[in-house]
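In the numbering used here, the protein residues as written are 19 to 643.
Positions of the beta carbon are idealized from the N, C-alpha and C atoms, including for glycine.
What follows is a set of notes on a single structure, which appears directly below.
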Amino acid sequence: MATIISTDTWVLKNETCKSSIDLQHLLHYSLVPSVAIMIVLSCLERRPGKRPIDEQGPLLQRQCGIVIPLDFLGAFHNRWSLAFAFGATASKVMILFSEGYIPVQVPQWARALVILVCAMEVGLSSYPFFACLSTHFRITGAILGLLYTGSWFIVILLNTVQCPHGQVVGEYEKILFYWPSLLCLSFLLGRFIHILVKALWVRLRLGLPSEERSFLEMHQVHYVQRLMRKPPKQQPLESWVQRKVYKWDPYFRFPSRMICLAGLAIICLYMFVVMEFYVKKLVLHALNTLEENFEILVAARNTSEGLALLVQPLKELIGVTEDVWTVTTFTACLTSVCYIFHILACYRKHMKRLWAGEKQFLPLSSCKLSYSVAAIARYSGWQIAYLLWGYLIIHIVSTLFGVIFVYPFVWHIKHGQGIELVKSLGTGILTIVIVVGLMLLQTVIATRFFLQPKIFLDDEEKPLALDNRKAYHNFNYFFFFYNVLLGLSACLFRLLCSVVVGAWLIARIDRTIMPRGYEAADMGFKTWTGMLLMDHYHTNPTLVCFCHSLVAQIRSRRQQRTTGYHCFSNSTDFRVSKKAKTRWKLLYTLLNNPSLSTFRKPKRWTYSMDVIFDAGESNPDSSRP
Numbered sequence: 019m020a021t022i023i024s025t026d027t028w029v030l031k032n033e034t035c036k037s038s039i040d041l042q043h044l045l046h047y048s049l050v051p052s053v054a055i056m057i058v059l060s061c062l063e064r065r066p067g068k069r070p071i072d073e074q075g076p077l078l079q080r081q082c083g084i085v086i087p088l089d090f091l092g093a094f095h096n097r098w099s100l101a102f103a104f105g106a107t108a109s110k111v112m113i114l115f116s117e118g119y120i121p122v123q124v125p126q127w128a129r130a131l132v133i134l135v136c137a138m139e140v141g142l143s144s145y146p147f148f149a150c151l152s153t154h155f156r157i158t159g160a161i162l163g164l165l166y167t168g169s170w171f172i173v174i175l176l177n178t179v180q181c182p183h184g185q186v187v188g189e190y191e192k193i194l195f196y197w198p199s200l201l202c203l204s205f206l207l208g209r210f211i212h213i214l215v216k217a218l219w220v221r222l223r224l225g226l227p228s229e230e231r232s233f234l235e236m237h238q239v240h241y242v243q244r245l246m247r248k249p250p251k252q253q254p255l256e257s258w259v260q261r262k263v264y265k266w267d268p269y270f271r272f273p274s275r276m277i278c279l280a281g282l283a284i285i286c287l288y289m290f291v292v293m294e295f296y297v298k299k300l301v302l303h304a305l306n307t308l309e310e311n312f313e314i315l316v317a318a319r320n321t322s323e324g325l326a327l328l329v330q331p332l333k334e335l336i337g338v339t340e341d342v343w344t345v346t347t348f349t350a351c352l353t354s355v356c357y358i359f360h361i362l363a364c365y366r367k368h369m370k371r372l373w374a375g376e377k378q379f380l381p382l383s384s385c386k387l388s389y390s391v392a393a394i395a396r397y398s399g400w401q402i403a404y405l406l407w408g409y410l411i412i413h414i415v416s417t418l419f420g421v422i423f424v425y426p427f428v429w430h431i432k433h434g435q436g437i438e439l440v441k442s443l444g445t446g447i448l449t450i451v452i453v454v455g456l457m458l459l460q461t462v463i464a465t466r467f468f469l470q471p472k473i474f475l476d477d478e479e480k481p482l483a484l485d486n487r488k489a490y491h492n493f494n495y496f497f498f499f500y501n502v503l504l505g506l507s508a509c510l511f512r513l514l515c516s517v518v519v520g521a522w523l524i525a526r527i528d529r530t531i532m533p534r535g536y537e538a539a540d541m542g543f544k545t546w547t548g549m550l551l552m553d554h555y556h557t558n559p560t561l562v563c564f565c566h567s568l569v570a571q572i573r574s575r576r577q578q579r580t581t582g583y584h585c586f587s588n589s590t591d592f593r594v595s596k597k598a599k600t601r602w603k604l605l606y607t608l609l610n611n612p613s614l615s616t617f618r619k620p621k622r623w624t625y626s627m628d629v630i631f632d633a634g635e636s637n638p639d640s641s642r643p
């Protein structure tokens with residue numbers, strides 16, 4: 019009854035509280051300034067090459083380029099700012115999931131298309147957050163981003179203050195849902211102010227250098243330099259955290275996509291847990307109503323003793339389920355958060371193995387290279403969905419197992435049957451111990467009496483050579499009938515382990531839950547593999563440094579040709595021939611990598627030794643070595 023009273027209280031509070039701001043309508047109206055900001059930034063953006071439209075309109079001068087909101091492939095700038103920008107869109111995503119957001123009634127088959135249009139609308143409304151952070155025109159982008167972000171911050175803050183309660187969760191619903199978005203918006207306001215001040219400082223030439231962007235990052239340069247150095251003779255001592263938990267690598271940086279994914283996944287997980295608490299409240303309210311109706315039914319039928327005996331166990335089952343659900347909520351949340359950071363660690367480990375030339379750990383036969391192009395766009399959304407569904411499945415499975423194990427203990431202890439519980443538990447444990455002991459006994463007997471002795475004393479195991487063959491055949495015959503019965507239990511245990519492990523790993527998109535040979539059926543793992551290959555081919559530090567060296571040489575040659583004294587160069591460049599330089603570089607490479615000498619093409623002699631000696635004898639004036 020207390021639950022019903024408290025529910026009625028917040029319903030009355032929400033009826034009297036009406037906010038003057040409707041976020042759903044505001045989301046539609048925000049498309050106008052969003053499109054205006056896109057047009058302004060697009061007019062300032064320059065296109066890389068001339069188009070036929072430039073000849074028709076001379077005033078364009080390669081203007082009106084495409085604005086990039088976020089580089090999903092190899093961007094390492096503004097990683098945390100972009101992550102907070104994704105967090106600021108969480109409130110808009112929650113509006114998208116509301117029931118009344120779809121403006122028109124459409125048939126069931128067309129709902130997928132309408133949801134696509136609504137998702138595009140949310141993305142267009144959030145476009146200025148990312149475009150203003152990524153644009154090269156820092157002053158214009160900072161001003162526009164500051165105005166747009168400040169407008170959304172004021173609107174959401176007023177909506178939350180005017181009416182903090184809602185019709186879904188109840189009291190303080192909007193505070194629970196919108197405080198992550200307000201926090202992210204406040205960070206973006208500070209970031210845009212910092213960008214604006216820094217850009218004005220550079221424009222006024224007050225001492226700060228201008229920011230130049232290059233596709234080569236400094237951590238990639240340091241990574242390649244470390245590859246060129248000789249490894250130290252003595253490795254430094256590592257702490258327990260570095261050996262067991264995480265080892266920091268200063269020459270590896272996660273791309274913006276992975277940082278944004280981690281931040282948005284944590285915010286979405288938080289909102290999902292809040293919604294789950296609301297569902298728990300509704301389910302408990304329905305169970306309490308069922309319990310009250312059951313008691314009324316029992317009181318109306320005094321002669322029904324069977325129904326009366328079921329009231330108390332039902333109350334105990336509801337109480338145990340509520341307690342177990344609350345406890346497993348924290349364990350499932352902790353598991354999901356650990357998965358987020360573990361996925362980042364697996365991404366770094368897999369990328370470094372790919373950079374080192376190791377591809378055996380990936381089932382490349384089940385993933386085509388063309389699939390990798392779409393995997394970049396698909397991975398981030400799928401990873402968040404897998405984490406949310408994984409949390410829900412882990413929570414349900416852990417609650418089910420918790421009730422199965424906890425409820426018998428609670429029921430027996432409350433009814434004074436603790437001794438019988440201990441006896442039955444001891445009998446079950448003894449049975450399991452005997453079964454496991456017989457399995458180990460078979461292994462010990464087979465290893466001890468039916469294998470030949472070790473060849474050398476320092477061998478770890480005996481050779482796989484049979485001894486006492488007649489006794490071995492009798493051993494297999496008599497244990498055959500017992501192993502048939504034992505296989506039934508082993509099969510059920512295998513099924514139970516598959517369910518538990520599959521449920522616990524459903525959120526791990528970096529690890530397949532399918533057996534070997536069936537990895538292609540796991541679409542999530544295929545997306546992970548395609549994303550890794552795409553990042554490997556476009557962000558490999560060695561390849562990026564090589565391309566940067568080529569571009570630098572081309573630019574230096576162009577600069578030399580544009581000067582009037584390009585024909586005069588340093589005489590030291592011509593003291594050594596190119597052939598000699600090439601041979602010295604080849605010698606240096608072969609000394610550091612002796613294994614490459616086997617792959618060299620053998621030199622073919624145009625003359626044999628007999629021809630050389632015959633030519634020397636025919637010419638007596640020639641000197642022999």
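Three or more pairs of CB atoms, one per stretch, sit closer than 8 Å, so the segment 401-420 contacts the segment 523-540. Proximity to residue 341 across 199, 372, 420, 60 peaks at 420, based on C-alpha coordinates. Distance between residue 354 and residue 140, taken at the CA atoms: about 26 Å. Spatial neighbours of residue 464 in its own chain (CB-CB distance under 6 Å, excluding positions within 5 residues in sequence) are not present. At a Cβ-Cβ threshold of 8 Å, residue 490 and residue 468 count as neighbours. Residue 469 is bridged by DSSP to 484.
Cβ neighbours of residue 400 within its own chain (closer than 7 Å, five residues either side excluded): 527, 542, 545.
Secondary structure at residue 246: helix, using DSSP grouped into helix, strand and coil.
The three-state reading of DSSP puts residue 429 in helix, counting H, G and I together.
Closest in alpha carbon position to residue 564, among 241, 90, 348, is 241. With 16 or more other Cβ atoms inside 10 Å of its own Cβ, residue 343 counts as buried. Secondary structure note for residue 42: its alpha helix (DSSP H) is the uninterrupted segment 41-47. Under the DSSP assignment, residue 151 falls in the alpha helix (DSSP H) whose first and last residues are 129-152.
Only exposed fits residue 154, as fewer than 16 other CB atoms lie within 10 angstroms of its CB. Residues of the same chain with a CB within less than 7 Å of the CB of residue 88, apart from the 5 flanking positions on each side, are 100, 148, 152, 274 in chain order. Residue 138 has its alpha-carbon roughly 19 Å from the corresponding atom of residue 278. In terms of Cα proximity to residue 383, the closest of 107, 547, 570, 84 is 547. Per DSSP, reduced to three states, the secondary structure at residue 569 is helical. For residue 206, the closest of 245, 176, 98, 156 by C-alpha to C-alpha distance is 98. Assigned with DSSP and collapsed to three states, residue 479 falls in coil, not helix or strand. Residues 556 of the same chain have their beta carbon placed closer than 6 Å to that of residue 91, with the five preceding and five following residues left out of the count. Burial of residue 202 is indicated by the presence of at least 16 other C-beta atoms within 10 angstroms of its C-beta. Between residue 358 and residue 422, the gap from beta carbon to beta carbon reaches 8 Å or more. One Cα belongs to residue 443, the other to residue 462, and the distance between them is close to 28 Å.
Comparing C-alpha distances from residue 414 to each of 292, 518, 427 shows the shortest one belongs to 518. Relative to residue 272, the option among 222, 39, 238 whose CA is nearest is 238. Exclusion of the five residues before and after residue 398 leaves 275, 279 as the residues of its chain whose Cβ lies within less than 7 Å of its Cβ.
The closest CA to that of residue 209, considering only 471, 253, 194, 156, is found on 156. With contact defined as three or more Cβ pairs closer than 8 Å, the segment 366-380 and the segment 454-461 are not in contact. When only Cα atoms are considered, residue 303 and residue 311 end up about 12 Å apart.
Scanning its chain for C-beta atoms nearer than 6 Å, with the 5 sequence neighbours on each side dropped, one finds around residue 107 the residues 144, in chain order. When DSSP states are grouped into helix, strand and coil, residue 525 belongs to the coil group. Here the alpha carbons of residue 396 and residue 128 stand approximately 22 Å from one another. Residues of the same chain with a CB within less than 7 Å of the CB of residue 608, apart from the 5 flanking positions on each side, are 614, 615 in chain order.
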